[in-house]
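Under my numbering, think of the first position of the sequence shown as 852, with each following residue one higher. Every residue gets a Cβ at the ideal spot worked out from N, C-alpha and C, and that includes glycine.
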Amino acid sequence: MNIIIENVLKHQIEKESHKFICPHFPGGVMTPADLRKIADACEMFPNSKIKLSGEITIGNITDPKENDACRAKLGLSTFSIAGFAIRPVKVCAGGYTCDNNLQDSFSLALKLDKKFAGVDVPFKLIISVSGCGRCCSEPQVKDIGLVASRKGYAVYAGGAAGGKPRIAVKIADNVSDDRAVEIIEKIVQFYQKKGKPMERLGALIDKTGLELFKGDCGLNRNV
Ligand code: SF4
């Protein structure tokens, strides 16, 4: 993609992203006070709309001044739903409201969120963590997925949902929390270095070849 088209696309996406406000709640955890803040901020703008999917999105505040005022009233950290950046880490309820988790997956997800959410990458990148093999946070259709077992974590890469779904491939197994963080760091570096603008990780893995990708990320090729 040439640099002019890339800049036009980035500008368009930034413009679009001003139409939305997405409060960032690490781990998807919020308090009644947070919910009140959202209600209070939205009540200031009668045309605002709230939509819940993987995140809470406040939309329909198209005037930039109102958008700024709404953010100020919210007083919560936010993220760009349309940016070229790593999204807030998705995590299942294991260790929070579900007791089936086989590792402290919730703490690991919070650690990953702190380290990676908002980091610049060529397109969107979603990391998902599940506390057991039921995979409630759908890690196998995310760019990077972790699935806990009694022996550690399986690491998946290259998944996607949406218009071009792709099932992620397992690239490591039975790794510790620290090793999982190291592997994700390598994958992110690989993506930053080799990904073209608007190219998802799965497409880049297909183009590179799975074995070369794993080698570049310092992984055993026989997993
Ligand atoms: S993946 Fe397992 S630990 Fe996580 S919410 Fe589902 S059942 Fe619970």
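Residue j beta carbon less than 8 Å from that of residue i
i, j, result
"K924", "D885", "no"
"L1070", "I1018", "no"
"V1032", "K962", "yes"
"I1022", "V1006", "yes"
"D1028", "L959", "yes"
"G969", "A936", "yes"
Rounded separation between residue i and residue j - CA only
i, j, result
"T908", "G878", "16 Å"
"V1020", "I854", "32 Å"
"V972", "R1051", "10 Å"
"G934", "Q863", "10 Å"
"G984", "I889", "34 Å"
"E1036", "K861", "24 Å"
"G1009", "V992", "8 Å"
"C987", "K1058", "29 Å"
"E894", "I901", "11 Å"
"R887", "H875", "15 Å"
"I932", "G1066", "32 Å"
"P990", "G982", "10 Å"
"I872", "K1015", "26 Å"
"K941", "D914", "30 Å"
"R1030", "I912", "42 Å"
"G1053", "N918", "34 Å"
"K1045", "G1013", "23 Å"
"Y1004", "L1055", "23 Å"
"V880", "F896", "25 Å"
Residue i, buried or exposed, once every other Cβ within 10 Å from all chains shown has been counted against 16
i, result
"R938", "buried"
"L903", "exposed"
"N1025", "exposed"
"V980", "buried"
"Q1043", "exposed"
"I995", "buried"
"I856", "exposed"
"N898", "exposed"
First and last residue of the uninterrupted alpha helix (DSSP H) at residue i
i, result
"I1035", "1028 to 1045"
"I909", "Segment 907 to 910 is the beta strand (DSSP E) holding I909; no alpha helix (DSSP H) there."
"A1080", "In this structure the chain extends from 852 to 1074, so residue 1080 is not present and cannot be described."
"P877", "Careful: P877 lies outside any alpha helix (DSSP H) and carries neither H nor E."
"C921", "915 to 925"
"K1058", "1052 to 1059"
CB contact below 8 Å: residue i versus chain C
i, result
"P874", "Protein chains in the displayed structure number just one, and chain C is not present."
Range covered by the beta strand (DSSP E) that runs through residue i
i, result
"K900", "900 to 903"
"I937", "No beta strand (DSSP E) contains I937, which DSSP labels as neither H nor E."
"S1000", "995 to 1000"
"S958", "S958 -> not in any beta strand (DSSP E); alpha helix (DSSP H) instead, spanning 956 to 967."
"I1075", "With the chain running from 852 to 1074 in the structure shown, residue 1075 is simply not present."
"A944", "Where A944 is concerned, there is no enclosing beta strand (DSSP E), given that its DSSP letter is neither H nor E."
"S1008", "Residue identity differs from the one stated: residue 1008 is Ala in this sequence, not Ser. Looking at the DSSP string, the run of the beta strand (DSSP E) that includes A1008 is 1003 to 1008."
Selection from the options that minimises the alpha carbon distance to residue i
i, options, result
"K870", "C986, T882, C921", "C921"
"G945", "S899, G969, E917, L997", "L997"
"N858", "P1048, I932, G905, C1068", "P1048"
"L953", "A999, T913, L927", "A999"
"F930", "E906, F896, A1011", "E906"
"S956", "P883, K1002, L1055", "K1002"
"F1041", "P883, F1064, N918", "F1064"
Query raised in the report: In chain order, what residues have a CB nearer than 6 Å to some heavy atom of ligand 2?
Result: As far as ligands go, the structure on display features ligand 1 and does not contain ligand 2.
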